[in-house]
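Trainee: Structure provided below as structure tokens; questions to follow.
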Amino acid sequence: MPSRNDFYMSDLAAKHNRRNNLDRMSNQKLKMTVGVWSAVAIGVIVPVYAVVFQQKKTASASIIHVIASPPQ
């Protein structure tokens, strides 16, 4: 009975392994450009959204604190 390692090694040695075909990919320039710009966009948009969300949360908390505090 073959071991798990035998299946793994045969997968690595496969002739038509998709992980090794980046140089033969059709429309490589377009796909890589779209992939890189997508990663950059996600890397910029997520932190900006997090900062905006945190500022809104902090602003609403300070308004609630002002409303809830008793007059002096």
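Going by the working numbering, the first residue of the sequence shown is number 1002, and it counts up by one from there. Built from N, CA and C at the ideal position, the CB exists for glycine as well. Note that the structure is predicted; figures quoted are calculated from it, not measured.
#1: Is Y1050 near the ligand FAD, going by C-beta to nearest heavy atom under 7 Å?
#2: With DSSP as the reference, label M1026 as helix, strand or coil.
#3: What does the alpha-carbon distance come out to for the pair G1044 and L1031?
#4: By Cβ distance below 6 Å, which residues in the same chain neighbour T1034 in space, the five residues on each side in sequence not counted?
#5: Can you list, in chain order, the residues of its chain whose CB lies under 7 Å from that of M1026, leaving out five sequence neighbours each side?
Mentor: Inspection of the coordinates gives the following:
#1: Annotation note on the ligand FAD: not contained in the displayed structure, which lists no ligands.
#2: It is coil, neither helix nor strand.
#3: A direct Cα-Cα distance of roughly 20 Å separates G1044 from L1031.
#4: Result list for T1034: empty, nothing under 6 Å.
#5: If you ignore the 5 residues before and after M1026, its C-beta comes within less than 7 Å of the C-beta of K1032, all in its own chain and listed in chain order.
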